[in-house]
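Chains as they are written, first to last, in my numbering: chain A, 60 to 348; chain B, 60 to 348.
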């Protein structure tokens with residue numbers, strides 16, 4: 060009976076959202092959890108496929124609405140430690156959408172030019188336009204994650220960024236951007252397993268970076284840095300969701316489901332005709348007579 | 060027997076390519092043709108789905124190779140008159156790839172800023188990076204198509220652009236860009252049918268522009284402008300392919316198949332490890348002991 064109850068999903072956002080102001084301790088989050096929805100891989104994959112048509116349809120309506128002046132768009136922010144599955148999420152979840160309405164950007168180590176600017180400079184340039192779904196694989200949060208863990212800037216600089224980020228995201232919300240931030244939460248053991256798997260398959264060597272092993276020495280620092288991000292930057296206008304990501308199928312299902320709930324709430328509409336439909340039809344039909 | 064022979068595909072590129080230097084008369088091309096491959100919609104859709112895994116795999120290898128310095132990338136240029144299906148091709152063909160490796164750009168009427176620059180300025184900014192698949196929905200060819208038909212610039216300006224474009228595309232080829240240019244060829248009757256269909260469905264009003272009816276008055280001028288493009292700009296380094304596009308499923312199959320053949324020929328490889336695999340594995344395993 061407990062299982063049946065668990066499998067029902069009314070509002071996954073409510074379930075996975077970090078309540079604004081809440082102090083997060085990541086140790087309390089089980090990365091293998093399946094707190095709602097499908098409980099097995101096969102069912103999860105089926106449920107993802109079943110969402111595909113509705114997701115694509117909602118995306119088309121969002122885009123169509125923009126042609127008539129609706130400024131709304133959606134921005135999915137993916138964060139998580141190496142091997143948490145940011146790339147896999149883009150492939151499997153964003154792959155459900157029409158690629159022409161998606162604006163995907165992976166933020167890597169900043170270039171020399173980017174370093175000369177404010178940390179939000181490169182972010183602002185890549186925001187989705189009206190009607191689009193933007194996807195950030197890493198984001199401005201790197202500037203309070205790796206930058207904090209490795210002290211790439213002094214503490215008095217990075218510590219001011221949480222508030223700056225909240226103000227920035229408020230300004231996005233004011234401008235019609237629905238911001239959905241997903242932290243892909245994996246366990247230290249799962250990362251170990253995935254790194255080893257990359258070394259076991261020559262087709263995956265290109266995904267491996269020996270620096271990833273060193274980064275594991277900073278595991279606790281990263282967890283603390285993520286906890287601070289989740290505690291300070293989950294706001295009503297731009298909430299953080301903690302996605303249990305040890306199971307890839309569950310991660311994909313959960314992110315798909317969050318996007319579905321969000322797009323349903325936006326409920327974009329095909330615009331009315333701004334021309335005389337009957338007259339146009341007549342003109343076209345007149346060609347034949 | 061003729062049918063069996065037709066259904067075999069060895070090299071669709073050879074079949075659909077405009078031979079460099081050939082004088083094209085579009086009236087000689089049947090927009091409903093199915094010159095090779097599947098002959099029915101159901102078979103066509105199956106054949107497209109069957110290509111998906113290999114296309115995605117080749118794309119991953121192209122991207123992986125770029126992480127080790129391989130500069131190669133692919134650029135798909137889609138051109139065709141209104142309703143020829145450029146958007147549908149992106150949705151159904153590019154939808155087979157991992158969206159994170161695709162850089163899609165639709166070129167609309169130039170902005171004021173774009174107009175101040177050379178016609179290739181906005182094009183250069185949107186080229187795919189190493190390892191990516193770039194997709195242009197319309198392109199620099201608009202500057203010898205709509206610009207020519209409506210005399211938006213004097214003839215002595217646009218008439219010099221064919222050679223300019225050939226030099227530009229040669230420079231792309233020199234830089235590792237494989238340029239695949241597809242002209243989506245539809246009949247005037249098919250356009251009529253598709254425009255009417257947009258007026259019959261309120262969910263499609265947003266795709267309709269009354270100006271499309273006026274543009275039909277220039278049908279012959281556009282056909283002549285396309286014929287000139289195909290005659291003058293199909294080069295060994297950047298050939299044009301004429302895609303029979305009255306049947307959507309055939310159009311999608313043909314473009315998918317061209318990309319497959321091209322990617323197979325590029326044959327990108329996963330890079331070798333540039334680190335000591337055994338040592339890394341040992342270090343990871345040592346964590347556990």
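We treat Cβ as the ideally placed atom computed from N, Cα and C, and that holds for glycine.
Item to check | Within chain A, partners of residue 146(B) - CB distance below 9 Å | outcome: 157 and 159, listed in chain order.
Item to check | Contact list for residue 274(A) against chain B, beta-carbon separation under 8 Å | outcome: Identification of chain B residues near residue 274(A) by a Cβ-Cβ cut-off of 8 Å yields none; the smallest Cβ-Cβ distance measures about 12 Å.
Next on the checklist: Pop quiz: residue 114(B) and residue 319(B) are said to be a contact at Cβ under 8 Å. What is the actual Cβ separation, rounded to whole angstroms?
Outcome noted: Your pair residue 114(B) and residue 319(B) checks out as a contact, with CB atoms roughly 6 Å apart and the cut at 8 Å.
Next on the checklist: Would you call the segment 241-254 of chain A in contact with the segment 288-304 of chain A, where contact means no fewer than 3 C-beta pairs closer than 8 Å?
Outcome noted: Contact holds: three or more Cβ-Cβ distances are below 8 Å.
Next on the checklist: So, under 8 Å CB-CB, residue 288(A) and residue 200(A) are touching, yes? Tell me the CB distance rounded to an integer number of Å.
Outcome noted: Right, their Cβ atoms sit about 6 Å apart.
Checklist entry - Distance, Cα to Cα, residue 254(A) vs residue 197(A)? => result Cα-Cα distance, rounded: 19 Å.
Checklist entry - Is the Cβ of residue 314(B) closer than 7 Å to any Cβ of chain A? => result Contacts with chain A at 7 Å (Cβ-Cβ) do not include residue 314(B).
Next on the checklist: Strictly below 8 Å CB to CB, what residues from chain B border residue 251(A)?
Outcome noted: Ordered by position in chain B, the residues that pass the 8 Å Cβ test against residue 251(A) are 343, 346 and 347.
Checklist entry - What runs of the alpha helix (DSSP H), each 4 residues or longer, lie entirely inside the segment 250-337 of chain B? => result Those alpha helix (DSSP H) runs which fall completely within the segment 250-337 of chain B and span 4+ residues are 270-275, 278-292 and 307-325.
Checklist entry - Should residue 343(A) and residue 117(A) be called a contact, given that it needs their Cβ atoms to be closer than 7 Å? => result No.
Item to check | Beta carbon of residue 224(B) nearer than 7 Å to that of residue 158(A) | outcome: Between residue 224(B) and residue 158(A), the gap from beta carbon to beta carbon reaches 7 Å or more.
Next on the checklist: Nearest by alpha-carbon distance to residue 327(B): which of 292(B), 235(B), 219(B) and 336(B) is it?
Outcome noted: It is 235(B) whose Cα lies nearest to the Cα of residue 327(B).
Item to check | Close beta carbons around residue 282(A), own chain, < 6 Å, minus the five adjacent residues each side | outcome: Correct list, in chain order: 85.
Checklist entry - Residues of chain B with CB under 9 Å from residue 329(A), in chain order? => result Those are 261, 262, 263, 264 and 265, listed as they occur along chain B.
Item to check | Rounded Cβ spacing between residue 79(A) and residue 218(A) (contact assumed at less than 8 Å) | outcome: Not really, about 19 Å apart at Cβ, beyond 8 Å.
Next on the checklist: Alpha carbons only, please: which of 205(B), 311(B), 347(B) and 230(B) is nearest the one belonging to residue 99(B)?
Outcome noted: Nearest option by C-alpha distance: 311(B).
Next on the checklist: Which runs of the alpha helix (DSSP H) at least 4 residues long sit entirely within the segment 60-145 of chain A? Give them in chain order.
Outcome noted: Taking only runs of at least 4 residues, the alpha helix (DSSP H) segments lying wholly in the segment 60-145 of chain A are 61-66, 71-75 and 100-125.
Checklist entry - Beta-carbon of residue 208(A) versus every beta-carbon of chain B: anything under 7 Å? => result No - not a single Cβ of chain B is within 7 Å of the one on residue 208(A).
Checklist entry - Per DSSP, which one or two residues make a beta bridge with residue 150(A)? => result DSSP, once it has assigned bridges, lists no residue as partnering residue 150(A).
Checklist entry - Any idea what DSSP makes of residue 247(B), helix, strand or coil? => result In the structure shown, residue 247(B) sits in a helix (DSSP, three-state: H, G or I).
Next on the checklist: Taking CB distances under 7 Å as the criterion, tell me whether residue 97(B) reaches chain A.
Outcome noted: Taking Cβ atoms only, chain A never reaches closer than 7 Å to residue 97(B), which makes this a no.
Item to check | Same chain, Cβ closer than 7 Å to residue 120(B), five either side skipped, listed in chain order | outcome: 327, 328 and 329, listed in sequence order.
Checklist entry - What does residue 195(B) pair with, by DSSP beta-bridge criteria? => result In the DSSP output, where bridge partners are listed per residue, residue 195(B) has 136(B) and 164(B).
Next on the checklist: Distance check for residue 222(B) and residue 290(B), CA to CA, integer angstroms please.
Outcome noted: When only Cα atoms are considered, residue 290(B) and residue 222(B) end up about 12 Å apart.
Item to check | Bridge-paired residues (DSSP) for residue 339(A) | outcome: Beta bridge pairing from DSSP links residue 339(A) with no other residue.
Next on the checklist: Beta-carbon within less than 7 Å of residue 307(A)'s beta-carbon, same chain only, minus the 5 sequence neighbours each way: which residues are those?
Outcome noted: Excluding residues within five positions, the ones whose Cβ falls inside 7 Å are 144 and 147.
Next on the checklist: Tell me the DSSP secondary structure of residue 212(A) in three-state form.
Outcome noted: Look at residue 212(A) here: in three-state DSSP terms it is coil, with no helix or strand label.
Item to check | 8 Å Cβ cut-off: residues of chain B touching residue 154(A) | outcome: Against residue 154(A), the close residues of chain B are 154, 157 and 158, in the order they occur along the chain (beta-carbon pairs closer than 8 Å).
Item to check | Cβ distance (whole Å) where residue 228(B) is taken to contact residue 238(B) below 8 Å | outcome: With a contact defined as Cβ atoms closer than 8 Å, residue 228(B) and residue 238(B) qualify at about 6 Å.
Next on the checklist: Can you tell me whether residue 242(A) is helix, strand or coil according to DSSP?
Outcome noted: Of the three classes helix, strand and coil, the one that applies to residue 242(A) here is strand, per DSSP.
Next on the checklist: Beta carbons nearer than 7 Å to chain B: which residues of the segment 290-303 of chain A have them?
Outcome noted: Against chain B - using a Cβ distance shorter than 7 Å - the segment 290-303 of chain A contributes no residues.
Checklist entry - What is the DSSP secondary structure of residue 344(A), reduced to helix, strand or coil? => result Three-state result, residue 344(A): helix.
Checklist entry - Got a sec: is the Cβ-Cβ distance from residue 63(B) to anything in chain A below 7 Å? => result With a pLDDT of 46 at residue 63(B), under the threshold of 50, the modelled position of this residue cannot be trusted; read the value that follows with caution. No, because no Cβ of chain A sits closer than 7 Å to the Cβ of residue 63(B).
Item to check | the segment 329-339 of chain B in contact with the segment 259-271 of chain A per 3-pair CB rule at 8 Å | outcome: As far as the Cβ criterion goes, the segment 329-339 of chain B touches the segment 259-271 of chain A, which means the pair count is three or higher.
Item to check | residue 89(B), buried or exposed, once every other Cβ within 10 Å from all chains shown has been counted against 16 | outcome: For residue 89(B), the number of other beta carbons within 10 angstroms of its own is below 16, and it is reported as exposed.
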